[in-house]
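Engineer: My questions all concern the structure below.
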Amino acid sequence: MTDKIRENDRYEFADFRLETGKQVLFCKDAEIHLPKRHFQILTYLIENRDRVVTRDELLNEFWDGHEVYDDALSKCVGALRRVLDDKERAPRFIETRRGTGYRFIGEIGASESLNVGTVLDTSNALAADQTLSAVKLPFWRSRIILISSLAVITLLSVSFVVGVYLPRQEQPSRQKLSGIGSIAVLPLRNLTGDTANDYLSDGLSEGLINEFSRHSELKVISRSASFTFKNKEIDLQEVRDKLKVEAILEGSLRKIGDEMRIEVSLVDVKDGKVLWTNNDPTSSVRNFFTLQNQIACDVLTRIEAGSCIKVETAKNIDAEAYRLYLQGIHIRNDLTFEAMTKAVELFDKALSIAPNFAKAHEGIATTYVIMESNSLVPPGSVIKKAESHAREALRLDENSVDALLVLSETETSDNYDMARRESILRQAVDKNPNFGRSRMWLASTLAMRGKFAEAESELLKLQESDPLSSGVQFTLSELYLNWRKPDEAIRTANLVHDLKAPDSISDRLLAKAYLQKGDLDQVKTLLDKKPDNYESLHATWLIRTGKVAEAAAEIKKLEVTETGKTSPFVIAYLYAELGDKDAAFRWLERSYAMRQSDLASLKIEPALDSLRGDARYVELIKRLHLDN
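Plus 41 on top of the position in the sequence shown (first one is 1) and you've got the numbering used here.
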């Protein structure tokens, strides 16, 4: 995390007071409990209010240079605006500069009336807004973009009514609709008049995506792609062109008295014809899971996309246990030790009420893996606990894909057994063919094993369900680099840029690709854009241009930062580039002693090609179980 925030400053603006020493925001005398990263970003914007702070700068400062895409930052800024009662189109505090970044425009020291209502204890509300968070996982956290989709749904004490989207006279017939092989669930519109209900409309939408995703006969567009249409007027041509689907499920959430009314319809994107609506305006459902399962089953039955089994276990989930589970999911979005610890406590409370609640076990297992992979706990201290809870989740729910993903980490935590990891991830993909995270991890594992063609095939399948994902294109570009296909790497890196990822990410990929092609002028052009962020690439460029002494001096400087951003693995391959094999292996041994995730790419890393004929390289490959 950045060290540029001063520790004991106090800033006053309107009715707010921000104290950096206490890390607390006040509205008048009421404390507002912000998640740590939200507080730090707000402070950083205030302390740099004399200029526009770019998105790339914020991502580099507050996500430690890891490749996290725009959604995480946008969610963070959006949550801050809600706390400050700030409007994006008419800002008083945080101004958006389109395509660039943000600037704090509030007058420090001024005091004016601000209608924010009750703003005590907003941390949970903020956490609920962070539906996408970056989660680093050990064996490829520096290799791929992993975006963890965290559901933001709850179990309300009111009834849910599945209503009618169109007037009754316009309802289509109930005949089965063969020929529909692809579908996108667009985010339900929240028409309750209260943005606090967004978590419910989003949660139901995501739940429906998950229900459909279990059916291999049906192509289901991912959450990340579908949610690009949130709060937008539906343009069927745009949906058809961007998502390449035959039908969409759309609808809304309304509040009538104490009831929440869910209205849904299935629409043919070719001509806008309504293919199906739920036509039972009186059916009332109190259980969230039962509600989403009912809608999914009705749609699947109409389009003949496979059999659908009504969920029975959902009826037995204790409402309080489910509420605690959701709280835990929300809180852990902050990715701090305190947040993770609190999340585990809440999952444990849920289990004390409902010992057979599989998702609570799943929640604990996933949280422990996040803590381990983000270095929030001593290495290896929680892995066994994570594995135990994952196995229990699988015992209670054999279809728990998240539990399998945890096991793909825990079962190989003491070694680099990619064969075992591949086996587990194939199980996860088989259980839910449309679940993008499983297929992404499988593709990355296949690549680490040198199975480049298979990895490419998996990523191209994933691209079909997630056509707007910069993460998929990033992983493809990395794959082509390791496959020694620089032209393909350049093509996909440009797509990463086109899909609105930060320039620092696409530029880094392009620089690596042009290095591989030998186009050093293009590399220099890219390095000149962000010289402070590309130290290792700059050192490689110096070597390739014959400036060996300068390169050696730069590598020596990087050695000093071995506990910071520069990985021992990176220093190792720089020495390999330099031709100093002994130094390269010394740093590889340091990497091994630290059990660094980067070592999983030892078998395929192009920068290590000069070491492959060395007996020490062969021995290290065997020690890491990368030869199986």
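Even for Gly, the Cβ is constructed at its ideal location relative to N, Cα and C. Everything numeric in this text was worked out from a predicted model, so none of it was measured.
Strictly by DSSP, which residues pair up with V226?
Structural biologist: Note: V226 sits in a beta bridge opposite L290.
Engineer: Assuming F145 and L86 are in contact, meaning their beta carbons sit under 8 Å apart, how far apart are those beta carbons, in whole angstroms?
Structural biologist: Confirmed, about 4 Å.
Engineer: Confirm, please, whether the CB-CB distance from A488 to A494 is below 8 Å.
Structural biologist: no
Engineer: Using 8 Å as the threshold, is the C-beta distance between A380 and A406 below it?
Structural biologist: no
Engineer: Tell me C68's beta-bridge partners as DSSP assigns them.
Structural biologist: F57, A71
Engineer: Between the C-alpha atoms of D312 and I645, what's the straight-line distance to the nearest angstrom?
Structural biologist: For D312 and I645, the distance between alpha carbons rounds to 48 Å.
Engineer: If you draw a straight line from the alpha carbon of V193 to that of W482, how long is it in whole angstroms?
Structural biologist: Only weak support is given to the placement of V193: the predicted model assigns it a pLDDT of 27, under 50, and the value that follows is read from those uncertain coordinates. The straight-line gap from Cα to Cα measures roughly 23 Å.
Engineer: In this structure, does DSSP put Y52 in helix, strand or coil?
Structural biologist: strand
Engineer: To the nearest angstrom, how far is it from the Cα of G37 to the Cα of E258?
Structural biologist: There is simply no residue 37 to check, as the chain begins at 42 and stops at 669 in what is shown.
Engineer: Do you know how far the Cα of E529 is from the Cα of D569?
Structural biologist: 23 Å
Engineer: Looking only at its own chain, which residues have a Cβ that is under 6 Å from the Cβ of L509, when we skip the five neighbours before and after it?
Structural biologist: A266, T269
Engineer: Would you please state the rounded distance, in angstroms, between the beta carbons of L522 and Q557? I believe it to be under 8 Å.
Structural biologist: The Cβ separation is near 7 Å, so the contact holds.
Engineer: In whole angstroms, what separates the C-alpha of S416 from that of R373?
Structural biologist: The straight-line gap from Cα to Cα measures roughly 15 Å.
Engineer: For the beta strand (DSSP E) that E660 lies in, which residues bound it at each end?
Structural biologist: Segment 656 to 664 is the alpha helix (DSSP H) holding E660; no beta strand (DSSP E) there.
Engineer: Tell me the rounded alpha-carbon separation between D138 and I82.
Structural biologist: In the sequence as presented, Asp is not what sits at residue 138; that position holds Arg. So the two alpha carbons sit approximately 16 Å from each other.
Engineer: Please work out which residues of its chain come closer than 8 Å, Cβ to Cβ, to D655, disregarding the five sequence neighbours upstream and downstream, and give them in chain order.
Structural biologist: K622, F626
Engineer: Grouping DSSP H, G and I as helix and E and B as strand, with all else coil, what is A166?
Structural biologist: The predicted model places A166 with a pLDDT of 34, which falls under 50 and marks its position as unreliable; any figure quoted below should be read in that light. The answer is helix: DSSP assigns A166 an H, G or I state.
Engineer: How would you write the range of the beta strand (DSSP E) that I87 sits in, first residue to last?
Structural biologist: Segment 77 to 88 is the alpha helix (DSSP H) holding I87; no beta strand (DSSP E) there.
Engineer: Using beta-carbon positions only, say whether L649 and L665 come within less than 8 Å of one another.
Structural biologist: no
Engineer: Could you have a look at I546 and say whether DSSP puts it in helix, strand or coil?
Structural biologist: helix
Engineer: For T137, write down the residues that DSSP places opposite it in a beta bridge.
Structural biologist: According to DSSP, which records beta bridges pairwise, T137 is partnered with Y143.
Engineer: Go through its chain and collect everything with a Cβ distance to D507's Cβ below 7 Å, but skip five positions before and after it.
Structural biologist: Taken in chain order, the residues that qualify are S263, S265, A266, G477, V513.
Engineer: In three-state DSSP terms, what is K177?
Structural biologist: At K177, the pLDDT of 33 sits below 50, so the modelled position is not reliable and the matter cannot be decided from this model.
Engineer: Which runs of the alpha helix (DSSP H) spanning at least 4 residues fall entirely within the stretch 558 to 624, listed in chain order?
Structural biologist: 561 to 570, 576 to 585, 589 to 600, 609 to 619
Engineer: Report all residues from its chain with a CB closer than 6 Å to the CB of D359; omit the five preceding and five following residues, and keep chain order.
Structural biologist: Correct list, in chain order: I394, A395.
Engineer: Are L307 and L290 closer than 8 Å when you measure CB to CB?
Structural biologist: A contact, by the Cβ cut-off of 8 Å.
Engineer: In chain order, what residues of the same chain lie with their CB nearer than 6 Å to the CB of M459, ignoring the 5 residues before and after it?
Structural biologist: T486, M489, R490.
Engineer: What span of residues does the beta strand (DSSP E) with W317 cover, start to end?
Structural biologist: 315 to 318
Engineer: For the candidate residues E428, A384, F378, whose alpha-carbon lies nearest to that of Q368?
Structural biologist: A384
Engineer: Could you confirm whether any beta carbon from chain D is found closer than 8 Å to the beta carbon of N251?
Structural biologist: Among the chains in the structure shown there is no chain D, since it carries only a single protein chain.
Engineer: Would you check if the distance between the CB atom of A337 and the CB atom of V310 is smaller than 8 Å?
Structural biologist: If you check the CB distance, A337 and V310 do not come in under 8 Å.
Engineer: What's the C-alpha gap between G248 and E304?
Structural biologist: 15 Å
Engineer: Measure the C-alpha to C-alpha separation of S254 and A444 and round it to an integer number of angstroms.
Structural biologist: 17 Å
Engineer: What number of angstroms, rounded off, separates the C-alpha of D127 from the C-alpha of L99?
Structural biologist: Taking C-alpha positions only, D127 is separated from L99 by approximately 20 Å.
Engineer: Could you please give the first and the last residue of the uninterrupted alpha helix (DSSP H) stretch that includes Y521?
Structural biologist: 511 to 523
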